[in-house]
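Colleague: Chains as they are written, first to last, in numbering that gives the first Met the number 0: chain A, 0 to 341; chain B, 0 to 341; chain C, 0 to 341; chain D, 0 to 341.
Got a structure for you, questions after.
There are 4 protein chains.
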Amino acid sequence: MENKLRVGVVGATGFTGEELVKILSRHPNVEVTYVSGKEDRSERIQDIFPYLKNSVDLKCDAFSADEAIEKTDLVFLSLPHTLSMQSAPLFLQAGKKVIDISADYRLQDTKVYEKFYKTAHLDAANLKAAVYGLPELNREQIKSAKLIANPGCYPTGSILGIAPGLASGVFDESSIQIDAKSGVTGAGRKADKALHFSEVNESVKAYRLFEHQHVPEIDQALSGVSKKEVSVVFVPHLIPINRGILSTIYVKLAKKMNTEELLAVYKKFYKNEPFVKVYDAGRLPEIKYVVNTNFCDIGLKVNESKNLAVIVTAIDNLQKGAAGQAVQNMNIMCGFEETAGL
Amino acid sequence: MENKLRVGVVGATGFTGEELVKILSRHPNVEVTYVSGKEDRSERIQDIFPYLKNSVDLKCDAFSADEAIEKTDLVFLSLPHTLSMQSAPLFLQAGKKVIDISADYRLQDTKVYEKFYKTAHLDAANLKAAVYGLPELNREQIKSAKLIANPGCYPTGSILGIAPGLASGVFDESSIQIDAKSGVTGAGRKADKALHFSEVNESVKAYRLFEHQHVPEIDQALSGVSKKEVSVVFVPHLIPINRGILSTIYVKLAKKMNTEELLAVYKKFYKNEPFVKVYDAGRLPEIKYVVNTNFCDIGLKVNESKNLAVIVTAIDNLQKGAAGQAVQNMNIMCGFEETAGL
Amino acid sequence: MENKLRVGVVGATGFTGEELVKILSRHPNVEVTYVSGKEDRSERIQDIFPYLKNSVDLKCDAFSADEAIEKTDLVFLSLPHTLSMQSAPLFLQAGKKVIDISADYRLQDTKVYEKFYKTAHLDAANLKAAVYGLPELNREQIKSAKLIANPGCYPTGSILGIAPGLASGVFDESSIQIDAKSGVTGAGRKADKALHFSEVNESVKAYRLFEHQHVPEIDQALSGVSKKEVSVVFVPHLIPINRGILSTIYVKLAKKMNTEELLAVYKKFYKNEPFVKVYDAGRLPEIKYVVNTNFCDIGLKVNESKNLAVIVTAIDNLQKGAAGQAVQNMNIMCGFEETAGL
Amino acid sequence: MENKLRVGVVGATGFTGEELVKILSRHPNVEVTYVSGKEDRSERIQDIFPYLKNSVDLKCDAFSADEAIEKTDLVFLSLPHTLSMQSAPLFLQAGKKVIDISADYRLQDTKVYEKFYKTAHLDAANLKAAVYGLPELNREQIKSAKLIANPGCYPTGSILGIAPGLASGVFDESSIQIDAKSGVTGAGRKADKALHFSEVNESVKAYRLFEHQHVPEIDQALSGVSKKEVSVVFVPHLIPINRGILSTIYVKLAKKMNTEELLAVYKKFYKNEPFVKVYDAGRLPEIKYVVNTNFCDIGLKVNESKNLAVIVTAIDNLQKGAAGQAVQNMNIMCGFEETAGL
């Protein structure tokens, strides 16, 4: 145990925090040495999540920065937006590595942040040095990062489905439409009538058309890939499943090509990626094949007569869309095997 | 429209209230003339429940007893426990008929009420005159009742499954064990972390073993049938479905009999009942066959070597377990066809 | 009972046939006098669907055209594609009205039929006289029709969401993309590993991209509305719910307009329609509000900077998408109140 | 890789086979070297289950005993009942260890096997040497076993919930009633109308009352523990979830005791067990806490006035109820850490 990295999870009782503790408890290179929850009561994490028997046995109190700094080398902040940027500076100042699961360090333009999150940004200093933690695009910067802005769930599934075509110039970047379908853990673990089992079950709805807070994050990342301004149409839907996002992406092709040719672009782009699987022609991803994994599965089909491609991606929103990707980022930052624990 | 009974639903925005409005909007003998909700905002009920287009178009404000009394002849109180007994007396005094969906008038012994509902009973006067609205047991009293205590969902499914055997003396009344499985609308429409979609979905749990507030209601009704003191073992479970209760009832037989003989007892007991269906040997009820209906389906099988019967009943908790039965009670009280609107 | 229309349901044991019998059993103007199933065994329909107690009590044998012709005035054919066009001529010749739920009479071009259904069309004669039974577009022709081609579930939700904009010339008809999400009853009641509960539950998948057999039906209807050739991009998805289709429709605007202006177009188009509900700005349909109803709910939002509209429609695939619409068609054909029984 | 145990999974495409491959692919001490499926087509297992990218890449053909014997040291037979006893002898004769997931070697009395499985037993010779693979009862025999009869899913949840009380003599062994609720993977991956998503979803049913083929397995194991003949009442239910069994067990106490005292019996019995978690008083197991784990969680409550205990157990039917327990058995047989890979 001596040589293991000491890691902490701040906000361990939400869905993402729970998933983080679960993954980290089986990770060969780390030891979970600190967890905190937002509940007032102090409980052992093992009493909250009984399956941690045999693995993690820690008290889960309200967050104490001093205690967390003392006990950890690297910390995951699994906090609601706006809380992260209040605690991240403390850890960074103490020389700890920080992987922030919230949106606080994702948007480089604080004005955009303020528009979508309705609050001023409090830590512009660290924002500049934050690295957007999508390994398939930014692996090199992640290696030396001190502060990771872990991508949102919708952005992960969307960006990975679009980047290869944009990077290779085969997409009309003004035509991107994303129809995303998400499970309910994406909404967080909270008391909310709209999330009552019987309000969600046996129904589907679209919500926050064009206005979802993940839109600027997608646009920023894709603009970086494209070297042109990208502004997507994004329509999220709530689906009665626990986990998973299926993103159906519609895009006009900038030049004629068929399914096999476009697939070749994708397979080349992702050929060394451990967590992206590009399907052969004729098959499309399904959420069930990625649940409880860190994979992003991708399939696509070209409609030649309309010069249009439909790309379908599937991720587990708590894994590749949050906790799994956070651990993948940690692995890269710390020189562990990239697939360790995943 | 002139001759239709004017009915009101107090608490129209909960699951049971919504179901009541839905049933009543199609009922040939009544007009819904008053609805109230617990929300502060004032909305048209048709904006809350869009499918009421073509049928009910009323404002849904916070409850006003004066307005409700003025506009209705009969009122359904679909309120949380303890609120009903504060408003029922007002309606009764004004000469209105009241069907109370809460537990406030179900238990004849106020001490038992106080033990299970943790609050003093406030209307012992009307309690005495209240009729327990289970038509299969109390049809005659319901006909002339002014105040109906509409049965709970679990008690309806349990009592109907046990009464025939008790009434005919073939059960050992000390041996009754009820394992009940309920959908989530039974817990009410409220913001509660424990009812979050992802806390309930893909899981099953037992809860409130031996202590559920419906136990004394079951015991009281069955003691009435049996003429002996009955005290059941009752274990409710939460199942990830919207509607329905399946009750699996285990009981020792007081005398040797086989499945056909016990079925004959049940078929005779319910032979004129419009809303009870006793299955032939070899088939058992399933929730899907009673959802959105006012039926209680019953099947059973005798284990002759153990001298034990297992009876399975299925109801829709919002219909026969609440709103449907309330309308059935109204039909009986008002001399309508008993199946009208159902 | 003497004056009631005698109706039959051929194929009463599938999901749509079951729904038809359920609706018809409560319809004030008809009596169900004939049902047949595809099973070899002969059973009473009430034993198959226990909730028909109190309403329909008929034998459900294998289909006999002679018996059906003798016992009915109007027949619903709820049969797999290709079987309908073998029996419809018999009923028509005998002077009976026919409402065909299959696709056999929907496509006016038999070549297109043959391409998508992989079989020759066998009844071109009656095809010409068949009326596409979407009342919101074809009410007048339905009134005098002898043979109704009842629309498919996906087409109903799609066409109703697009027709107002096309009819009024505000849409770029070349830009229509439909992302549809359907419940599992849409796939029919059959033994199929791909429809096993645990293959569908907790997952979402897209299927038959660009090639679904409902595409030519949508194109044909919209081309009729538009007076130009329309060819949509259609991507269906399977969602783990029993009933309902949510269609998210993306379309470029042919001229600048905002949400309110486009909503005005829709509200005007549907202002007298009993079963279409256009939502006010700021609210979008959800499947739960249309389940078990014959409504098509419609909401929309314009993205002015992109000159794009997203229209969302919700229907119950077994009601407005099949059996409900079939009954609505019957009501129109027979001069009953259009909402009778619905 | 040189020193890893070579393991094969015969029947790798069913739910249990898939789960086995998934667990084994992450197991530190083994390499999956052989998989077979029942499909005629030959596919790579990685194409069937895309998430095996990075881990297992093998052809999945129809079963060949010769090939399997050549390539493996230990084999898991995840086959339908009756097929296992045809292939197990081949592996045993070749000196391979066999863990049979089917029922073929679970019942020591071939007459009972023949009664419940409606077929003659074909391998009485090996049956005698087979060890019933429930580590909590038979760890010592498992260590030296060549052939493991891996327990059924229902028996695992039931026996673990009852054994401590029987072993310590505090239960009336004639009074045991088990009300079990199972997810749908328990029924296997097969084309079956009764398992269609929409036949199972939003419903619950009881089935095979008193006659389920797991009853003699439970009775045999509990009789062994009790040293008296035990015959339980067992009522299984189908629940619309993918995985998990919740067993609610009702038993009369042979002597007066309270919840804490009975819990002490259970905690002592399981104090060294890595995969059993006994809850403190006041909390009961829920399926969600054991899904995707090899745990059996146990909680209980005594009704002192009725001298009755209700014990609730939760397992994942594919893990502790099948594949997980099979791997636990392998770990014990092969001297690996008992929790390895789990």
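Don't be surprised by glycine CBs; every beta carbon is placed ideally from N, CA and C.
Need the endpoints of the beta strand (DSSP E) that D:A253 sits in, please.
Modeller: D:A253 -> no beta strand (DSSP E), and no H or E assigned at all.
Colleague: Under a Cβ-count criterion, where at least 16 other Cβ atoms within 10 Å of its own Cβ denotes burial, should D:A220 be classed as buried or exposed?
Modeller: Its Cβ being crowded by 16 or more others within 10 Å, D:A220 is buried.
Colleague: Counting Cβ pairs closer than 8 angstroms, one from the region 237-250 of chain C and one from the region 326-333 of chain C, do we hit at least three?
Modeller: They do not touch, by the three-pair rule.
Colleague: Sort D:V275, D:N200, D:P163 and D:V234 by Cα distance to D:I177 and report the nearest one.
Modeller: Considering only alpha carbons, the answer is D:V234.
Colleague: Do we get a CB-CB distance below 8 angstroms when we pair C:Q219 with the residues of chain A?
Modeller: No, because no Cβ of chain A sits closer than 8 angstroms to the Cβ of C:Q219.
Colleague: Evaluate contact between the region 196-203 of chain D and the region 261-275 of chain D, counting only Cβ atoms and requiring at least three cross-stretch pairs below 8 angstroms.
Modeller: Flag = no, the region 196-203 of chain D and the region 261-275 of chain D do not touch.
Colleague: Does the beta carbon of B:T312 come closer than 8 angstroms to any beta carbon on chain D?
Modeller: For B:T312, the answer is no, since every Cβ of chain D falls outside 8 angstroms of its Cβ.
Colleague: Taking buried to mean at least 16 other C-beta atoms within 10 Å of its own C-beta, is C:E172 buried or exposed?
Modeller: Buried, because 16 or more other Cβ atoms sit within 10 Å of the Cβ of C:E172.
Colleague: Could you give the uninterrupted runs of the beta strand (DSSP E) lying entirely in the region 79-142 of chain D, keeping only those of 3 residues or more?
Modeller: With a minimum length of 3 residues, the continuous beta strand (DSSP E) runs that stay inside the region 79-142 of chain D are 96-99.
Colleague: C:G164 by DSSP, collapsed to three states: which one?
Modeller: Three-state DSSP puts C:G164 in a helix.
Colleague: On the DSSP letters alone, give me the boundaries of the beta strand (DSSP E) that D:G243 sits inside.
Modeller: Premise fails: D:G243 is in no beta strand (DSSP E) and is neither H nor E.
Colleague: Could you name the residues of the same chain whose beta carbon sits closer than 6 angstroms to that of A:G10, not counting the 5 residues immediately before and after it, in chain order?
Modeller: Cβ within range, chain order: G16, S77 and L78.
Colleague: Terminal residues of the continuous alpha helix (DSSP H) containing A:K266?
Modeller: Note, A:K266: alpha helix (DSSP H), T258 to F268.
Colleague: Using only alpha-carbon positions, find the residue among D:D122, D:I44, D:G298 and D:V55 that is nearest to D:S157.
Modeller: With distances taken between Cα atoms, D:S157 lies closest to D:G298.
Colleague: With distance defined between alpha-carbon atoms, name the residue in D:Y112, D:I310 and D:A162 nearest to B:A205.
Modeller: Taking only the C-alpha atoms, the option nearest B:A205 is D:I310.
Colleague: Would you give the residue range spanned by the alpha helix (DSSP H) that A:K21 belongs to?
Modeller: Residues F14 to S24.
Colleague: Taking the beta strand (DSSP E) that B:G298 belongs to, which residues open and close that run?
Modeller: Element bounds for B:G298: C295 to N302.
Colleague: If the cut-off is 7 angstroms on Cβ atoms, which residues from the region 292-304 of chain C count as contacting chain A, listed in chain order?
Modeller: Cβ contacts with chain A come from K300 and N302.
Colleague: For the beta strand (DSSP E) containing A:V183, list its first residue and its last residue.
Modeller: Segment: none, A:V183 is in no beta strand (DSSP E) and carries neither H nor E.
Colleague: Taking only beta-carbon positions, decide if A:S197 is within less than 8 angstroms of chain B.
Modeller: Chain B contact via Cβ: present.
Colleague: Whole angstroms are fine: how far does the CA of A:G164 sit from the CA of A:K305?
Modeller: One C-alpha to the other measures close to 17 angstroms.
Colleague: Listed from N- to C-terminal order along the chain, which residues in the region 237-258 of chain B have their beta-carbon within a distance smaller than 8 angstroms of any beta-carbon of chain D?
Modeller: Cβ contacts with chain D: I238, P239, I240, N241, R242, G243, L245, T247 and Y249.
Colleague: Helix, strand or coil for C:S230 per DSSP?
Modeller: The answer is coil: DSSP assigns C:S230 none of H, G, I, E or B.
Colleague: From the DSSP secondary-structure annotation, give me the bridge partner or partners of C:G320.
Modeller: Answer by DSSP bridge pairing: none, since C:G320 is not bridged.
Colleague: With D:A148 as the anchor, note down where its beta strand (DSSP E) starts and where it stops.
Modeller: L146 to A148 is the extent of the beta strand (DSSP E) around D:A148.
Colleague: Quick one: is D:D108 buried, meaning 16 or more other Cβ sit within 10 Å of its Cβ, or exposed?
Modeller: Looking at its Cβ environment, which holds fewer than 16 other Cβ atoms inside 10 Å, D:D108 is exposed.
Colleague: Distance cutoff 8 angstroms, beta carbons only. Does C:K52 sit that close to anything in chain B?
Modeller: C:K52 counts as touching chain B.
Colleague: Does DSSP classify C:K305 as helix, strand or coil?
Modeller: If DSSP states are grouped into helix, strand and coil, C:K305 belongs with coil.
Colleague: Alpha carbon to alpha carbon, what distance is there between C:R25 and B:T338?
Modeller: Their backbone Cα atoms lie some 12 angstroms apart in a straight line.
Colleague: Would you list the residues sitting across from C:F170 in a DSSP beta bridge?
Modeller: Beta-bridge pairing links C:F170 to C:L252.
Colleague: Return the residues of the region 53-83 of chain D that lie within a Cβ-Cβ distance of less than 8 angstroms from chain B, sorted by chain order.
Modeller: Under the 8 angstroms Cβ criterion, the region 53-83 of chain D contributes no residue.
Colleague: If I measure Cβ to Cβ from D:E141 and keep anything under 7 angstroms in the same chain, skipping five residues before and after, which residues do I get?
Modeller: Per the sequence shown, the amino acid found at residue 141 of chain D is Ile instead of Glu. V130, G132, P134, I147, N328, I331 and M332, listed in sequence order.
Colleague: Under 7 angstroms Cβ to Cβ from D:A355, same chain only, skipping five residues before and after it: list those, please.
Modeller: As displayed, chain D neither begins before 0 nor continues past 341, which places residue 355 of chain D out of reach and without an answer.
Colleague: Strictly by DSSP, which residues pair up with D:Q219?
Modeller: D:Q219 is not bridged to any residue.
Colleague: In whole angstroms, what is the alpha-carbon distance linking C:F355 and B:A64?
Modeller: Given a span of 0 to 341 for chain C in the structure shown, any question on residue 355 of chain C remains unanswerable.
Colleague: Answer yes or no: does any C-beta atom of chain A fall closer than 8 angstroms to that of B:V277?
Modeller: Chain A contact via Cβ: absent.
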